[in-house]
Structure formats: C-alpha cells, structure tokens
Amino acid sequence: MQQDGSAPAMTMSERADALEEHMMHELEHIVTKSVLCNLVDGKVEMEGGNDLLARNPGKFMLMGADPRLPRMPEKPTLIDYFRCRFASTSHLLQSATHALKAGHPEKVVLAGLLHDIGVVSFIRCDHGYWGAQMIEPYVDEEVSWAVKMHQALRFFPDESVGYGYPEMYVKLFGPEYRPEPYIVADYERARKHKWYMTSRLITLNDIYSFDPSAKVNLDDFVDIIGRNFRQPKEGLGLDSSPSAHMWRTMMWPTRFL
Ligand SMILES: [Fe+2]
Ligand SMILES: [Fe+2]
C-alpha cells in the first residue's frame, strides 16, 4: 500500500505478467511456457507441475493443441504450416519468386522458399541449421545442405555472381561485427563444396526479397512443393522422421510434455 492508501502502480512488465496470468485462467487447461521461452525473456526459470496445479485448481495440463493458435488439420502438410504457423512468409515467397523468374532449377526455387523457415517458425539463432534439419528428411539432400549453408554464405561476398556483403547487415549488426569462427569455418567448407552455387543462389535471391509491397502468392509454389517435398502420409510432424518432433513442437508448442 502507498501512504495515501492506494495500491502501488504496477510496472509495465508486472502488468504484462498479470494479463498473461489472467488469460491463462480463462483457458480450460493449464498452458505452460518452456524454459526456452523464459530464456528469451532473460530469465533462467521454470515452473514445476505441482506449483501450476496449485495455482489452477480443478484443471489439468494442456497435452494437445493450444486453443489460442490457429487450428491445424488432422494430417498437416507443409502448406498448412505456411498458413497456420509461419509468422511471416513474404520474404520466403519473394526469394522463391526471384529464383523462379531467373529460371533457376526447382531445387533452387524450393531452397529459396524454405531458406528462412527457421526464423519465421522457430528461432532466429542458427536459423539456417535449424531450418535445414527440419526439412532434411523430406527434400533432396542438396536443398537442405543449401539451406544450412546460406546462413554462413550471407556474410561473405562473391563478386563472381555480384553478391557483396549486405548493407542491411551493416545496419543490423554495426560495421565492426565479425561472424563467429564456426560460421567462417562452414563458409570455407561450403566454398569448396560441389553444391556451393545452390546455396549461393539462395543468398543472391535473398537480398532482393525485402520489398514490403511485393505481390506474392503461395499458390504459385504448390506444384513445386508437390514435386519436391515428400509429404508424409501421416501428416507432417506425425510421421517418424528424425525431425518430425520439431514440426510437432511447432504444432503444439505449449504441450506440457
Ligand atoms: Fe537466412
Ligand atoms: Fe532470407
């Protein structure tokens, strides 16, 4: 209580926490945040199941779909993830459109379409590596390799194809930024690899794909996806591939276990 008898004003973050707590109570099940979500908020914390049950009498933990998120079909496809889980798709579609217009092979178009799915659906840090791992069981090895390596190649110019160090990176990271040694090492490995140019083309199409007014459409790529992405019959994420759990996590990000 303040001296005048009123309750002390809440800070912005206390208000946000209170609102979140209120929203959780509105739900039928207990929705929990994974440690990773707390880490990105700058907190090394987790709440145990018993504490959560005590704070939410009469409720059980959420063990399925989060009702706050768009509903996914029973057997989701890559297209469903584009529509229901990817936070932004314009940059991906613009990259793929550039590849298509330049007459690049379908593999390069698909690689452009998927190159940043790590960022738009999962996590920014090491997005090329995450994205490659997610798609690896379902695409040609060359496509996932190119997606993985584009992250490193973005930092290194190749004048032979007209790719310079991105001005956007100077703006984003400052003029003094230098990539980590593992990125430099992967760049050097990629430079000598037989699929170097597939990954390099991703970076080339990448730099022209940040136009907020570009008109792009996922429908233009449905056939290319159909021919080049092996959609599992059980649904993407409900199959037994080595990365199925990553898709499931995107589908059910707040499942307790
Ligand atoms: Fe990227
Ligand atoms: Fe990109």
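Heads up: the sequence shown begins at 8 in my numbering, then just goes up one per residue. All C-beta atoms in this analysis are idealised placements derived from N, C-alpha and C, irrespective of residue type, glycine included.
Can you tell me the Cα-Cα spacing of residue i and residue j, whole angstroms?
i: residue 48; j: residue 29; result: 19 Å
i: residue 174; j: residue 232; result: 32 Å
i: residue 194; j: residue 156; result: 7 Å
i: residue 9; j: residue 24; result: A caution first: residue 9 carries a pLDDT of 49, below 50, which makes its placement in the model too unreliable to give a value.
i: residue 197; j: residue 46; result: 32 Å
i: residue 172; j: residue 217; result: 16 Å
i: residue 243; j: residue 50; result: 32 Å
i: residue 21; j: residue 33; result: 19 Å
i: residue 264; j: residue 40; result: 11 Å
i: residue 240; j: residue 220; result: 36 Å
i: residue 180; j: residue 169; result: 22 Å
Leaving aside the five residues before and after residue i along the sequence, list all residues of the same chain whose C-beta is less than 6 Å from its C-beta, in chain order.
i: residue 63; result: 37
i: residue 235; result: 113 and 117
i: residue 139; result: 151, 154 and 155
i: residue 162; result: 186
i: residue 253; result: 141
i: residue 92; result: 128 and 257
i: residue 190; result: 159
i: residue 246; result: 239
Can you give me the Cβ contacts of residue i inside the same chain, cut-off strictly under 8 Å, excluding the 5 residues immediately before and after it?
i: residue 143; result: 151, 249 and 250
i: residue 222; result: none
Could you work out which residue in the options is closest to residue i when comparing CA atoms only?
i: residue 114; options: 87, 222 and 149; result: 149
i: residue 121; options: 168, 225 and 27; result: 225
i: residue 230; options: 35, 94, 241 and 85; result: 85
i: residue 105; options: 238, 246 and 227; result: 227
i: residue 260; options: 130, 82, 192 and 199; result: 130
i: residue 35; options: 81, 67 and 178; result: 67
Kindly list the residues whose CB is nearer than 7 Å to the CB of residue i, restricted to its own chain and excluding five residues on each side of it in sequence; keep chain order.
i: residue 118; result: 150, 153, 154, 205 and 209
i: residue 262; result: 69, 70 and 71
i: residue 134; result: 123, 125, 126 and 158
i: residue 202; result: 149, 152 and 153
i: residue 165; result: 207
With 9 Å as the threshold, decide whether the Cβ of residue i is near any Cβ in chain C.
i: residue 134; result: Absent here is chain C; the protein component of the structure consists of one chain.
Give me the DSSP bridge partner(s) of residue i.
i: residue 165; result: 170
i: residue 232; result: Bridge partners of residue 232: none, in fact.
i: residue 156; result: Its beta-bridge partners do not exist; DSSP assigns none.
i: residue 37; result: 68
Practice task
Flag this pair as touching only if the segment 204-224 and the segment 108-118 have three or more C-beta atom pairs under 8 Å; answer yes or no.
Solution key: yes
Problem - Three or more C-beta pairs below 8 Å linking the segment 57-77 and the segment 175-187 - result: no
Practice task
Decide yes or no for the touch test of the segment 55-74 against the segment 87-107: beta carbon pairs closer than 8 Å, at least 3 of them.
Solution key: no
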